[in-house]
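One structure is given here, and the rest of the page talks about it.
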Amino acid sequence: MKKLILVIVTVLIMAGCSARNQSSQFIPDQEFFSREIKGEITISAYQTITYGSFLEEAIKAFNEIYPNVTVHIETFAVMPETRTMEDGEMMVSVMQSSDDPQTRADYINRTNTRIMSGQGADLYAIDILPLHRMIKSGVLENLDPYMNSDPGFNKSDYRLNILDAVHFLNGKWFIPLDYSINYYAYDSTLVPENISGNFGVNKSFTLEELIRITSVLYNGTGRIIDLMDYSQGGGSLHNMLLYENYRSFVNLETGKPNFLDGKFASMLNLVKNYGEQGFVHRSAISQESIEQMLHRMMTEPAERFYLKRNSDMNLLFNMSRENGIGSILRSPFVIDDDDEIAGIAANADGSVPFIFQRGFLMNSQSKNKEAAWTFIKFLLSKEMQMSLNTGVIGMVLPIHNEARDEKGWFAFSGEIYSMNIPINDQMRTSFNHYRNTIETLSDSINTFLIRDTNINDMIAQEVQYFFDGSRTAEEVARVLQNKADLYLSE
Numbered sequence: 006m007k008k009l010i011l012v013i014v015t016v017l018i019m020a021g022c023s024a025r026n027q028s029s030q031f032i033p034d035q036e037f038f039s040r041e042i043k044g045e046i047t048i049s050a051y052q053t054i055t056y057g058s059f060l061e062e063a064i065k066a067f068n069e070i071y072p073n074v075t076v077h078i079e080t081f082a083v084m085p086e087t088r089t090m091e092d093g094e095m096m097v098s099v100m101q102s103s104d105d106p107q108t109r110a111d112y113i114n115r116t117n118t119r120i121m122s123g124q125g126a127d128l129y130a131i132d133i134l135p136l137h138r139m140i141k142s143g144v145l146e147n148l149d150p151y152m153n154s155d156p157g158f159n160k161s162d163y164r165l166n167i168l169d170a171v172h173f174l175n176g177k178w179f180i181p182l183d184y185s186i187n188y189y190a191y192d193s194t195l196v197p198e199n200i201s202g203n204f205g206v207n208k209s210f211t212l213e214e215l216i217r218i219t220s221v222l223y224n225g226t227g228r229i230i231d232l233m234d235y236s237q238g239g240g241s242l243h244n245m246l247l248y249e250n251y252r253s254f255v256n257l258e259t260g261k262p263n264f265l266d267g268k269f270a271s272m273l274n275l276v277k278n279y280g281e282q283g284f285v286h287r288s289a290i291s292q293e294s295i296e297q298m299l300h301r302m303m304t305e306p307a308e309r310f311y312l313k314r315n316s317d318m319n320l321l322f323n324m325s326r327e328n329g330i331g332s333i334l335r336s337p338f339v340i341d342d343d344d345e346i347a348g349i350a351a352n353a354d355g356s357v358p359f360i361f362q363r364g365f366l367m368n369s370q371s372k373n374k375e376a377a378w379t380f381i382k383f384l385l386s387k388e389m390q391m392s393l394n395t396g397v398i399g400m401v402l403p404i405h406n407e408a409r410d411e412k413g414w415f416a417f418s419g420e421i422y423s424m425n426i427p428i429n430d431q432m433r434t435s436f437n438h439y440r441n442t443i444e445t446l447s448d449s450i451n452t453f454l455i456r457d458t459n460i461n462d463m464i465a466q467e468v469q470y471f472f473d474g475s476r477t478a479e480e481v482a483r484v485l486q487n488k489a490d491l492y493l494s495e
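Throughout, our numbering is defined as the position within the sequence shown, counted from one, plus 5.
This is the structure:
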């Protein structure tokens, strides 16, 4: 009975919010931007570990400029605990988080209830909120007019393609503070020039394309790519292919799922087939198999792979390995000395996405939009983009151009880690190569993949039954179609 009541409340909330159409959106004028900034605003976030320290630092710095504004922070998820596991002479630390589907659902429903009652926060971290549903219900402020009309906001200070990529359903409903790149690398000792000649820093590929290209080289030893076929914790071949094809399975603009045309079942069978052929490591499903995987990583020699799924952190370490932090902070599990860039990661439709760590949206019912927008604008300032609480280069890239460049040098040279690495011409030359590579990869970005936390949890819950052998791929697809259709039709 409790579940039924919860669903009814959610439906009523979304139905009530739908009455607010987009034509009622507030359009700021020049008088708006000249008003005195004062009063109170509240910021709500689910992820405490991602937003807590960063917002505390930001509020302190913000109040030095705007002392008449009181900023409140609300965070929901508790900080994760660390469990240590001893393996011979080694100690392995495992983060154990209270984050789970029910906790995420509780936060989303609480947010809906408070917005409906007029008690919602002024700003929300987008971390797990169902963006597409909130846009359609009219509870979010379109931030496009703010960016275009505010004389104190210079869009040219930022990566414009990142700001353009978040355009969705006729507006920009949130602003990311940072972005990360995923790209693919290949081992030049394993991939011959007749194949690698098609690769490059200005190219884009799906993972499925690259595996198909390199599979002709596979001789039955080693692995094609440094992934497992499936893992409950993510970062697996299944997850990579799922998100490449996400828009084929879930159309969030129309609210229609599509798991039954055979493509989803084919993807699951392809992943299992790749695992059986030895292209990737096999699943880590149980706690026992996860611990076995950690033991293997710690005790077996480093491996070579034809392909690697990399991020800007890998790029930083690889390009600074001769004279910078890469010579110190290197992975002992994978051989990457001979790696070259194959191309940036693309979706199945050819678009090139980015991911981000922190982003914010504004409640259209905020009673202090002047202060709320000013705070967002402050978070985008060079001062805050340079903050170590936003993460170091290699984890995220600031969208502010100058901050990205300067923070990149601090990381590349080791200054950001207080490493006493000698600065010389070779290091500066290497850094210029790193910076140019980052910018070339970034130039390819043209989309942001909007996903839904609830649907992601549905998929994660159901596909485990395929990988443990309990259900066929077709059975999983049918269950997901029914669940997603019910959820999206609410």
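Positions of the beta carbon are idealized from the N, C-alpha and C atoms, including for glycine.
A quick note: this is a predicted structure, and the numbers were derived from the prediction, not measured.
Distance between residue j and residue i (C-alpha atoms, nearest Å)
{"i": "P150", "j": "I32", "result": "6 Å"}
{"i": "S58", "j": "N394", "result": "7 Å"}
{"i": "N451", "j": "G355", "result": "10 Å"}
{"i": "Y189", "j": "V76", "result": "42 Å"}
{"i": "L275", "j": "D155", "result": "50 Å"}
{"i": "D231", "j": "F322", "result": "17 Å"}
{"i": "H137", "j": "A170", "result": "15 Å"}
{"i": "T116", "j": "K268", "result": "35 Å"}
{"i": "G125", "j": "I64", "result": "19 Å"}
{"i": "D341", "j": "R309", "result": "8 Å"}
{"i": "I18", "j": "Q107", "result": "Low per-residue confidence applies at I18: pLDDT is 36, beneath 50, and the placement is therefore not dependable, though the value from the model is reported in the following sentence. One C-alpha to the other measures close to 19 Å."}
{"i": "D490", "j": "Y51", "result": "26 Å"}
{"i": "I120", "j": "I131", "result": "15 Å"}
{"i": "Y470", "j": "V481", "result": "8 Å"}
{"i": "M432", "j": "E495", "result": "56 Å"}
{"i": "L351", "j": "E69", "result": "According to the sequence displayed, residue 351 carries Ala and not Leu. Roughly 43 Å between the two C-alpha positions."}
{"i": "M6", "j": "M389", "result": "Confidence at M6 is low in this model, with a pLDDT of 36, below 50, so its placement is unreliable and no value can be given for it."}
{"i": "M95", "j": "K261", "result": "Here M95 scores only 42 on pLDDT, less than 50, and its place in the model should not be relied on; the value that follows carries that caveat. Approximately 49 Å between the Cα atoms of the pair."}
{"i": "M152", "j": "K412", "result": "24 Å"}
{"i": "F38", "j": "R217", "result": "54 Å"}
{"i": "N278", "j": "L265", "result": "20 Å"}
{"i": "E36", "j": "T379", "result": "14 Å"}
{"i": "W414", "j": "L320", "result": "13 Å"}
{"i": "E62", "j": "S220", "result": "49 Å"}
Per-residue DSSP class, three states only, for residue i
{"i": "I426", "result": "coil"}
{"i": "R164", "result": "coil"}
{"i": "V496", "result": "Any property of residue 496 remains undetermined from this structure, which presents the chain solely from 6 to 495."}
{"i": "L487", "result": "At residue 487 the sequence reads Asn, which differs from the Leu that was named. Note: N487 maps to helix in three-state DSSP."}
{"i": "K43", "result": "coil"}
{"i": "D410", "result": "helix"}
{"i": "I131", "result": "coil"}
{"i": "M96", "result": "Confidence at M96 is low in this model, with a pLDDT of 41, below 50, so the placement of that residue is unreliable and no value is reported for it."}
{"i": "T3", "result": "The question about residue 3 has no answer here: the residues shown for the chain are numbered 6 through 495."}
{"i": "L320", "result": "helix"}
{"i": "R363", "result": "coil"}
{"i": "R433", "result": "helix"}
{"i": "I32", "result": "coil"}
{"i": "T75", "result": "strand"}
{"i": "D105", "result": "coil"}
{"i": "Y51", "result": "coil"}
{"i": "L275", "result": "helix"}
{"i": "F264", "result": "coil"}
{"i": "L145", "result": "strand"}
{"i": "T87", "result": "Only weak support exists for where T87 lies, its pLDDT of 44 falling under 50; the coordinates are left without a value."}
{"i": "E281", "result": "helix"}
Inter-residue CB distance, residue i and residue j (contact presumed, cutoff 8 Å)
{"i": "I48", "j": "L134", "result": "Actually they do not touch by this definition, with Cβ atoms about 13 Å apart."}
{"i": "L366", "j": "F179", "result": "4 Å"}
{"i": "I229", "j": "F284", "result": "4 Å"}
{"i": "V196", "j": "L168", "result": "Between L168 and V196 the Cβ distance is about 36 Å, and since that is not below 8 Å, they are no contact."}
{"i": "Y251", "j": "S288", "result": "Going by Cβ atoms, the distance from Y251 to S288 rounds to 21 Å, so no, they are not a contact pair."}
{"i": "E479", "j": "A270", "result": "5 Å"}
{"i": "S435", "j": "M324", "result": "6 Å"}
{"i": "G143", "j": "S369", "result": "7 Å"}
One or two residues paired with residue i in a DSSP bridge
{"i": "P538", "result": "Only positions 6 to 495 of the chain appear in the structure, and residue 538 is not among them; the question remains open."}
{"i": "F173", "result": "BP columns for F173 are empty, so no partner."}
{"i": "Y189", "result": "R314 and G348"}
{"i": "H286", "result": "M233"}
{"i": "S325", "result": "Answer is none; S325 lacks a bridge partner."}
{"i": "Y184", "result": "L402"}
{"i": "N459", "result": "DSSP lists no partner for N459."}
Residue i: CB within 6 Å of a non-hydrogen atom of the ligand SAM
{"i": "I428", "result": "With respect to small molecules bound, the structure shown includes none, and the ligand SAM cannot be examined in it."}
- Query: Are three or more beta carbon pairs between the region 364-377 and the region 33-51 nearer than 8 Å?
  - Reply: Yes, the region 364-377 is in contact with the region 33-51.
Touching by the beta-carbon criterion (3+ pairs, under 8 Å), the region 246-258 and the region 449-465: In this structure the region 246-258 touches the region 449-465; the number of beta carbon pairs closer than 8 Å is three or more.
Query raised in the report: Are the region 154-168 and the region 238-249 in contact at 8 Å, needing three or more beta carbon pairs?
Result: No, they do not touch.
Task: Inter-stretch contact (C-beta, 8 Å, three-pair minimum) for the region 341-348 and the region 183-203 - done: yes
Do the region 193-202 and the region 360-371 make contact, defined as three or more Cβ pairs closer than 8 Å? no
Open item on the list: Tell me whether the region 312-321 and the region 204-222 touch, counting them as touching only if at least three CB pairs, one residue from each stretch, are closer than 8 Å.
Closed with: yes
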